[in-house]
Amino acid sequence: MKNFAQVVRHQGNDSLFEIIDISILGTMASMPVHFHAEGFRGTGKTTIIRAAKQILPKIERIKGCEYNCDPQRPHCPHHRHLSAIEIEKLGVELIDMPFLEISPSAKKGTIVGSIDLKKITSKDNPEAALLLGTIPRAHRGIIFVDEINRIADISPEIADILLDVMGTKPGRIQIEEVGLPTVVLPIQASVWAASNPDEEPGPLEDIRRQLSDRFDFAVKVERPMEIAVLKRILDGNSESSFDNKLIEVKKDKFEQTKKKISEVILSEEIKSILASVYVDFGLESLRSIEAITRGAIIKGALMEKSPDIEDIVFLAKCALRHRIDSKNLNDIIKYLEQRRHHIEKKQESLINMAIVESEKESPQQSKKNTIGDSGLLQNRFLNPIEKLLSYLTKKSSASPGDSRITIDPKKIDIKAPSKKAQSIKQLELKDYVKKEEELRK
Ligand SMILES: [Zn+2]
């Protein structure tokens with residue numbers, strides 16, 4: 000497996016990196032994010048996905064629980080009825096966030112679960128027990144399905160199971176075995192999938208539209224086109240050329256930003272833009288809008304600022320490209336770009352207004368009338384414009400007696416030099432080269 004720090008990020012695979020980060024943080028915060036990476040053979044999509052296993056953070060589970068029970072919210076048949084004190088007695092442990100793969104040759108029993116033959120045939124203590132499959136063991140982690148289009152084509156029953164896992168948040172799985180009671184488990188895992196839409200049997204949306212729609216995001220992965228990137232990829236193959244610190248930095252970032260998700264607020268403007276995309280463009284599936292909203296909140300936490308219209312444009316492309324035709328997608332992106340332009344204009348005039356207003360106001364007045372009162376200062380995630388506004392406000396209230404915080408260029412007293420400037424070529428040598436003794440005078 001390639002080292003994550005070795006994988007070169009470029010324009011053609013940048014969206015995949017970004018969506019991976021969003022999905023990992025979402026998984027940590029019990030908000031699974033399913034994505035599907037599509038691209039030709041050799042674009043490195045599976046390499047990137049498998050390498051991302053190294054940046055997965057740790058999760059805490061009840062000690063030894065194969066179902067990865069969260070000590071705060073135990074869900075498995077052994078632990079779900081236990082009290083907090085009983086769970087405390089069992090103890091907790093940190094494990095790597097699960098990352099399990101489902102291959103095109105997988106069978107239903109191996110991915111869901113089956114009778115544990117070892118236990119049932121034990122001479123000393125025969126016991127009817129379940130051997131957990133890939134999906135229940137991936138609870139609170141990642142399930143990677145390579146060649147999902149082939150699976151949907153040749154194993155419709157596995158596609159049905161995936162539909163259940165991805166259908167609701169959390170999803171569910173039913174484990175049935177003759178002679179054993181049926182076990183229904185909630186499953187909270189992010190499904191990552193990859194496929195080449197140009198190879199048999201074709202794009203997933205043509206084979207199983209319902210399954211394609213379950214993916215919050217679909218990203219296109221393309222080959223690098225720049226020579227410099229190719230050079231970096233070739234250079235990166237030598238062991239010494241990558242920095243392992245990057246992996247630790249990524250893991251820390253997820254740990255630090257996990258709690259910040261609850262602090263991210265979507266602005267009313269963004270919410271109304273999303274509502275209008277849904278209504279005005281007649282979107283069939285509400286899932287796309289939910290995906291953009293969830294993605295924006297997680298992205299906001301990762302960036303430690305309020306998501307803006309640019310983030311919405313990126314997420315809308317990923318959330319819609321597998322759900323609507325390209326004409327409709329282009330129209331929506333065009334509409335979002337127009338809104339972006341409109342917002343930028345509005346923000347520009349807002350800044351100008353803030354500058355003019357702050358010049359007029361006395362410090363007491365501006366204190367009363369700050370954006371802090373509208374709650375923006377309480378929000379730790381300010382976008383650059385909000386940051387600027389809050390900076391301006393703070394500055395005006397922090398300097399009593401001087402309410403001026405910026406200087407209007409028109410009000411600056413500019414004195415012109417006494418003589419008009421002359422080009423150096425027009426001067427005599429003696430006019431611009433002075434001897435030492437002349438300077439001393
Ligand atoms: Zn458990």
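The opening residue of the sequence shown carries number 0 in numbering that gives the first Met the number 0; numbering runs sequentially from there.
Ideal Cβ placement from N, Cα and C applies to all residues, glycine included.
Here the structure is a predicted model, which is why all the values come from computation and not from measurement.
In the displayed model, S82 falls within coil according to three-state DSSP, outside both helix and strand. P73 has its Cβ nearer than 7 Å to a heavy atom of ligand 1. Following the DSSP letters along the chain, one finds S29 in no alpha helix (DSSP H), marked with neither H nor E. Put simply, the backbone Cα of V32 is about 15 Å away from that of K316. Nearest C-alpha to N329 among I354, H340, V177 and F280: F280. Within its own chain, the residues whose Cβ lies closer than 8 Å to the Cβ of T256, once the five positions on either side in sequence are excluded, are L24, A300, L301 and E303, listed in chain order. For Q346, the enclosing alpha helix (DSSP H) covers residues S325 to K359. Taking M165 as the centre and dropping the five residues before and after it, the same chain places the C-beta of H33, V190 and R213 closer than 7 Å to its C-beta, in chain order.
In this structure, the beta-carbon distance from R139 to D69 falls below 8 Å. For E176, the closest C-alpha among the options L130, T42 and Q421 is that of L130. Counting C-beta atoms within 10 angstroms of its own C-beta, E17 has 16 or more neighbours from the protein chains shown and is therefore classed as buried. Given a length threshold of 3 residues, each whole run of the beta strand (DSSP E) inside the stretch 61–108 is given here in chain order: 91–95 and 98–101.
Here the C-alpha atom of H321 lies approximately 45 Å from the C-alpha atom of I354. Secondary structure at P155: helix, using DSSP grouped into helix, strand and coil. Exclusion of the five residues before and after R293 leaves G25, M30, V32 and D215 as the residues of its chain whose Cβ lies within less than 8 Å of its Cβ. Taking the Cα positions, E59 is about 45 Å away from H341. The Cβ-Cβ distance between E198 and D145 does not fall below 8 Å. Here the alpha carbons of N148 and E37 stand approximately 10 Å from one another.
Within 7 Å of the C-beta of H77 there is at least one heavy atom belonging to ligand 1. Nearest C-alpha to G90 among I142, T133 and K62: K62. Of the candidates K117, L179 and A295, the residue whose Cα lies closest to the Cα of V263 is A295.
By the CB criterion at 8 Å, I142 and T133 fall inside the cutoff. In the DSSP assignment, P135 falls within the unbroken alpha helix (DSSP H) covering T133 to R136. Rounded to the nearest whole angstrom, the C-alpha separation of A188 and C75 is 15 Å.
Residues K107, I110, V111, I134 and I172 of the same chain have their beta carbon placed closer than 8 Å to that of I160, with the five preceding and five following residues left out of the count. Looking at the DSSP output, R8 bridges to nothing. Taking C-beta atoms as the reference points, A158 and R207 count as a pair closer than 8 Å. L179 and I114 have their C-alpha atoms some 8 Å from each other. Between A28 and I260, the gap from beta carbon to beta carbon is short of 8 Å.
Look at C317: its beta carbon is at least 7 Å from all of the heavy atoms in ligand 1. Closer than 7 Å to some heavy atom of ligand 1: that does not describe the Cβ of I172. The residue among V228, Y277, K258 and I308 with its C-alpha nearest the C-alpha of S266 is I308. Shown here for P200: same chain residues with a beta carbon closer than 7 Å to its own, the five before and five after excluded, namely N148, R149, D152 and I206 in chain order. Within the stretch 254–294, the complete alpha helix (DSSP H) segments of 4 residues or longer fall at 267–279, listed in chain order. Counted as a single uninterrupted DSSP element, the beta strand (DSSP E) harbouring V144 occupies residues I141 to D145.
Taking every protein chain shown into account, the CB of G41 has fewer than 16 other CB atoms within 10 angstroms, so this residue is exposed.
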